[in-house]
Amino acid sequence: NYLYHSQDPTPENWVHDDDPCQELYEDGESLASHVLMTLVSGLRMNNQPMESLLENLSNITNMCHGLYQSNQSTKNKTFY
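If you want it as structure tokens, here you go:
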């Protein structure tokens with residue numbers, strides 16, 4: 180996966196335009212819709228309450244903004 184996505188030039192043009200911290204997409208889907216099943220599965224395996232799901236989604240978004248878009252030089256960077 181890393182080798183595929185690190186090719187130069189990249190085989191997929193979307194990586195030049197996409198915002199890695201975007202929560203809501205133009206097609207109406209959301210970050211949650213893409214990771215929900217994985218997070219629910221993890222909660223069930225660890226016997227955690229479903230209420231922690233929203234906290235987990237919020238943490239993912241906060242980490243992205245905090246780590247990836249935390250300063251002026253990386254604020255508008257794409258995946259590539």
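In the numbering used here, each residue carries its 1-based index in the sequence shown increased by 179.
Every residue gets a Cβ at the ideal spot worked out from N, C-alpha and C, and that includes glycine.
Every value quoted in this text rests on a predicted model; they were computed, and no experiment measured them.
What did DSSP end up calling residue i once you bin it into helix, strand or coil?
i, result
"residue 231", "helix"
"residue 252", "coil"
"residue 209", "strand"
Measuring CB to CB, does residue i end up less than 8 Å from residue j?
i, j, result
"residue 229", "residue 222", "yes"
"residue 213", "residue 257", "no"
"residue 218", "residue 238", "no"
CB-CB under 8 Å to residue i, same chain, minus the five flanking residues each way: which ones, in chain order?
i, result
"residue 253", "247"
If contact is defined by three or more beta carbon pairs under 8 Å, each pair taking one atom from either stretch, is the stretch 225-244 in contact with the stretch 189-200?
yes
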